[in-house]
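Numbering (the working numbering), first residue to last: 3 to 153.
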Amino acid sequence: AIIDYVKKSRNLSIGEKTAEEIKITVGSALPLEEELTMEIKGRDMVSGLPRTTEVRSNEIVKAIGKELREMIKAIKDVFQNTPPELAADIIDGGIIMTGGTSQLRNFPELIRRRTGVKAQVADQALFCVAKGTGVALEHLDVYKRAVLAKK
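So, in structure tokens, the structure goes:
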């Protein structure tokens, strides 16, 4: 989304690495009162020459808005299919987010505003999937029995 936004708004081609740097440095799930800015470098789409420009945080909010709305919709879909007992626990304790996007500035607040559920970022959020996979592999026999018992 950020790559497309920069291409359309600045006529500048950037790569995945630059887009990720933009997301981390100035990205936000909600508009900021005091905008952050970042200088970016890429290839001019018209001349083909290297060029520098600046992006602002609130531009990035708009650029990633569609993706964030889709994530919020997915969260709501999960909530709607959650058993009532678990839903009560979610209301009391909130949700814990993992992965790279969970670290986006103001993303927990966006989730709270759109769902009414408190959200927080897990400790070492970037490594949770890898750690969980490691635990699952260590106890593979237990998980196999549980899966086979459900069939």
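Yeah, the Cβ is synthetic: ideal placement off N, Cα and C, and Gly gets one too.
Environment of residue i [buried if 16+ CB atoms lie within 10 Å]
i	result
residue 151	exposed
residue 109	buried
residue 65	buried
residue 104	buried
residue 132	exposed
residue 21	buried
residue 48	exposed
residue 8	buried
Close-in-space but distant-in-sequence residues of the same chain around residue i (CB under 7 Å, 5 per side omitted)
i	result
residue 166	In the structure as shown, the chain starts at 3 and stops at 153, and residue 166 therefore has no counterpart that could be examined.
residue 4	21, 24, 25, 62, 65 and 66
residue 102	128
Pair within 9 Å by beta-carbon distance, residue i and residue j
i	j	result
residue 74	residue 24	no
residue 33	residue 60	yes
residue 70	residue 31	yes
residue 56	residue 36	no
residue 93	residue 123	no
residue 139	residue 29	no
Contacting residues, own chain, Cβ-Cβ under 8 Å from residue i (five flanking each side not counted)
i	result
residue 156	Because the chain in this structure spans residues 3 to 153, residue 156 falls outside the shown range and cannot be described.
residue 53	14, 43, 44, 45 and 46
residue 2	The requested residue 2 does not occur in the structure, where the chain is confined to residues 3 to 153.
residue 145	138
residue 39	28, 56, 57, 58 and 59
residue 141	none
residue 84	92
residue 19	none
Neighbourhood of residue i by C-beta distance below 6 Å, restricted to the same chain and skipping five residues each side
i	result
residue 44	14, 15 and 16
Completely contained beta strand (DSSP E) runs for the region 33 to 70, where each covers 3 or more residues: 39 to 46 and 52 to 58
**Report entry** Contained beta strand (DSSP E) runs [length at least 3] in the region 93 to 127, N- to C-terminal order
**Finding:** 97 to 99 and 121 to 123
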